[in-house]
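Novice: Questions regarding the structure given below will be posed in turn.
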């Protein structure tokens, strides 16, 4: 069982598994019809399904817990495990209830994965997921091919002009993060006026429109995507050449998550 927080991320990870000879995979989320869900649970129970992806909210339905329990999973994976701490206390409390889910499943082996977790977040992950005798594997997250720079501007107008100049000069494609939905739209318009193939992405857009933009960006149809931080988690696009911030991230962990989307091909 793999707990993954976003539909786009589940889709991307399931596709990666499909491309390898490691077993069948199914995704269960709010966009999956009831018949497909039933088929996936049945396959998990009879052992023909190796991986099943779920969002934590799926366990609000007692039937989901019953069906997963019947499949007797041997591994319970929480991907993007920092969400337990970062999101669980605010808008996705289901993350805080995953420990109860693990216990209800008979406490299979638990694997929690994240690219960024400071020591207090690590401690909370272990506690919330009721991990027993956990082995913590912590590696460096320095990416030598990524340069980190700060440029100062005296006003919003000056900052955006400087940003546009840097985007024009940089290799493509790239991502620009802005603080608000309005800013993503304004900046995308500014860059489009400079002749760049540009789109914006934020949580206020219809889900279909967001999916279209995301797919087009992944297919290199845009030079630059201007987005709020609603875009990005799990976006495994190897050739992103820059990640620029038009506003400061809410934490160092968030900043490293965001810049980590650049230069994955080295």
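Residue numbers (our numbering): 1307 to 1572. Cβ atoms here follow ideal geometry from the backbone N, Cα and C, with glycine treated the same way.
1) What is the C-beta distance between residue 1498 and residue 1504, in whole angstroms, given that I count them as a contact (C-beta under 8 Å)?
2) Roughly how far, in whole angstroms, is the beta-carbon of residue 1541 from the beta-carbon of residue 1567, given that I think they are within contact range, below 8 Å?
3) With a cut-off of 8 Å on the beta carbons, I'd call residue 1422 and residue 1395 a contact; round off their distance for me.
4) Suppose you measure from the CA of residue 1404 to the CA of residue 1357; what does that come to, to the nearest Å?
5) On the criterion of 16 or more Cβ atoms from any shown chain inside 10 Å, does residue 1406 qualify as buried, or is it exposed?
6) Among residues of its own chain, excluding the 5 on either side of residue 1316, which ones have a beta-carbon nearer than 7 Å to its beta-carbon?
7) Report the rounded CA-to-CA distance for residue 1367 versus residue 1399, giving the unit in angstroms.
8) Just to confirm before moving on: does the CB-CB distance between residue 1411 and residue 1385 stay below 9 Å?
9) Applying the 10 Å Cβ sphere with the 16-neighbour rule, what's the burial state of residue 1339?
10) Compute the Euclidean distance between the alpha carbons of residue 1417 and residue 1467, then round it to the nearest angstrom.
11) What separation, rounded to the nearest whole angstrom, lies between the Cα atoms of residue 1364 and residue 1370?
12) With H, G and I counted as helix, E and B as strand and the rest as coil, what does DSSP make of residue 1547?
13) Nearest by alpha-carbon distance to residue 1415: which of 1438, 1313, 1430, 1477 is it?
14) Please report the Cβ distance between residue 1532 and residue 1484, rounded to the nearest whole angstrom; I am assuming they are in contact, meaning their Cβ atoms lie under 8 Å.
15) Unbroken alpha helix (DSSP H) runs of length 4 or more, entirely within the region 1487 to 1562: which are they?
16) To test your reading of the DSSP string, which unbroken beta strand (DSSP E) runs of 3 or more residues are found completely within the region 1334 to 1406?
17) Identify every residue that forms a DSSP beta bridge with residue 1415.
18) Could you check what DSSP says for residue 1443 in three-state terms: helix, strand or coil?
19) Give me the residue from 1554, 1446, 1562, 1320 with the minimum Cα distance to residue 1538.
20) Between the C-alpha atoms of residue 1530 and residue 1560, what's the straight-line distance to the nearest angstrom?
21) What number of angstroms, rounded off, separates the C-alpha of residue 1350 from the C-alpha of residue 1409?
22) Residue 1543: buried (16+ other C-beta within 10 angstroms of its C-beta) or exposed?
Specialist: Inspection of the coordinates gives the following:
1) 5 Å
2) 6 Å
3) 17 Å between Cβ atoms; not a contact.
4) 18 Å
5) exposed
6) 1310, 1333, 1335, 1359
7) Between the alpha carbons of residue 1367 and residue 1399 lies a distance of about 15 Å.
8) Cβ distance not < 9 Å, so residue 1411 and residue 1385 don't count as in contact.
9) exposed
10) 45 Å
11) 7 Å
12) coil
13) 1438
14) 6 Å
15) 1487 to 1499, 1513 to 1524
16) 1357 to 1360, 1381 to 1384
17) Its beta-bridge partners are 1381.
18) Residue 1443: coil per DSSP, three-state reduction.
19) Considering only alpha carbons, the answer is 1562.
20) 20 Å
21) 19 Å
22) buried
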